[in-house]
Structure formats: C-alpha cells, structure tokens
Amino acid sequence: MASTYSFDVVSDFDRQELVNTIDQTVRDIKNRYDLKDTKTSLELGEETITISTNSDFTLDAIQKLLREKAAKRNLSQKIFEFGEIETASGNRVRQEVLLKRGISKDNAKKISKLIRDEFKNVQTSIQGDIVRVTAKNKDELQGVIQRLKQEELPIVLQFTNYR
-19 MASTYSFDVV SDFDRQELVN TIDQTVRDIK NRYDLKDTKT SLELGEETIT ISTNSDFTLD
41 AIQKLLREKA AKRNLSQKIF EFGEIETASG NRVRQEVLLK RGISKDNAKK ISKLIRDEFK
101 NVQTSIQGDI VRVTAKNKDE LQGVIQRLKQ EELPIVLQFT NYR
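Numbering (our numbering), first residue to last: -19 to 143.
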C-alpha cells in the first residue's frame, strides 16, 4: 500500500504583524517633524487600509513608511495594492490600500499548470483559494516547493498542511 503526501499552497499574511505595522507607522507619523501636523489617519479594516492626509507629498512619505515598517516585520510588499488617490473634503487626499489574501483563479491555474508541466508524478487540485499538491514521494513535493519559491508571482506564497 503506497501512501500519498500532500501540502497546500496558500497566500496569506499575519494579521497581528499588520496591526503592529500600522501602530508603528502611526507612532512614527506623530513623532516625525515633517508629518506631525498633517492630521494623518490610518484605518485598518477587514480587507483595506485607508490613509487620509493633507497632500500627495505626505501620502507618498506615509506609503514609504508603511512599506518600510511592513518589511521589518517580514510582511511581503505583495500584500499591498495601492488604489487611486482621491480628493477628500478640506483639501485632503485619501487612498485605499487593498490587502491581498488568497489565490485568485488565474494564479491558481498558473500554479497548477506549472506543476503539471514540470512534475509528471504530482497532482494538483484547486480548492477555492488554495492549491492542494499531492504525490507519492516526499522528495517530489520538496522539489515543487523549491520550484514555486523561484517563480515570480504577483502574490506571496506559503506552504501549509505538509503531511
């Protein structure tokens, strides 16, 4: 009887690290001389961050600060999708930052096709926003993980439920 091994390919981020990133960014904004009096606010929602500030220049500085703090907390830059800059009341600007989580159907198909083309003894199945990879040999699965780490995808990947 041959047993099979599997793992899941997912795209997610640590929500607590993101909360800490936002807190650090807000603290820095309050302490920095050039940003102190801008009345900037960062609001973390379920799937977005809303940045509200007084100018495009300040918004650019806050984006850099947010990216920097996220990188220090090992959050991938790929989770941020900066939206359109909107003008708000009182000569202010607002921007929604979409937080990307989960693997889209197109990316899941790309991942599955890549694995099928390069690894003949490995099966994939798309289950919602997860790609399950199964094989009879653990070494094949290790090879798949190494190959996916080399691939340049617009999302960050993690490998979970390895069994």
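Where a beta carbon is used, it is the ideal one built from N, C-alpha and C, also for glycine.
Residues near residue i by beta carbon distance below 8 Å, same chain, minus five either side
i	result
Arg(-5)	none
Ser(-17)	Lys116
Close beta carbons around residue i, own chain, < 7 Å, minus the five adjacent residues each side
i	result
Leu137	Val(-11), Ser(-9) and Leu128
Met(-19)	The predicted position of Met(-19) is uncertain, since its pLDDT is 42 and thus under 50; a value taken from the coordinates is nonetheless stated next. Closer than 7 Å at the Cβ level, and outside the excluded window around Met(-19), lies no residue.
Thr30	Glu23, Arg74 and Glu76
Three-state secondary structure assigned by DSSP to residue i
i	result
Leu133	coil
Phe(-7)	coil
Asp(-12)	strand
Arg47	helix
Glu120	helix
Arg218	Nothing can be reported for residue 218, as the shown portion of the chain is limited to -19 through 143.
Contacts around residue i, its chain only, beta-carbon distance under 6 Å, and the 5 residues preceding and following it disregarded
i	result
Ile2	Leu22 and Leu24
Val(-1)	none
Val6	Leu22
CB of residue i within 8 Å of CB of residue j, strictly
i	j	result
Thr28	Glu76	yes
Leu94	Glu131	yes
Val111	Ile83	yes
Beta-bridge pairing of residue i - partner residues as DSSP gives them
i	result
Thr5	Thr5 pairs with nothing; no bridge assigned.
Thr67	Val73
Check: residue i C-beta below 7 Å from any heavy atom of the ligand GTP
i	result
Arg74	This structure simply doesn't include the ligand GTP, nor any ligand for that matter.
Boundaries of the alpha helix (DSSP H) in which residue i is found, first to last residue
i	result
Ser92	Lys85 to Glu98
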